[in-house]
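In my numbering, the protein residues as written are 99 to 252. Notes follow once the structure below has been shown.
Right, here's the structure in full:
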């Protein structure tokens, strides 16, 4: 974790005879049990802090992704309106030399041709993405398992 943690040693009160309240001398040494307990407490605190940081980070990234998705959707809507205006401009330009119906038919055919090409490319991309399994990772894990098996038999 990038933040700091407050690691405080386990200190118990001292008696007037120099012995600590847990029965050990106040020489700064801790029993193995105390050290294990302290390490467990610190590890538990560290894990809780890491989880809290991860939760905060995911929340922030989720908010940013939501805003970004909304903005991309708005951009798509404006681009669609721009495409419609461009199609109208194309029809108007062709109508200077052709009848309006022929100009509109040509622009419509071009738009459908573009849509067909985009659909074919998109379908190809989806076919390569399915099934959604990490093929490279699975291959790497299989190779690792084989390597471990080979070394175990030596």
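Each residue gets a CB set at the ideal place from its N, CA and C atoms; glycine is no exception.
Secondary structure at residue 143: helix, using DSSP grouped into helix, strand and coil. Burial of residue 189 is indicated by the presence of at least 16 other C-beta atoms within 10 angstroms of its C-beta. DSSP places residue 165 in the helix class (H, G or I) of the three-state scheme. Taking 8 Å as the cut-off, the Cβ atoms of residue 192 and residue 201 count as close.
For residue 194, there is no enclosing alpha helix (DSSP H), as DSSP marks it with neither H nor E. The C-beta separation of residue 205 from residue 185 comes to about 5 Å, placing the pair in contact by the 8 Å criterion.
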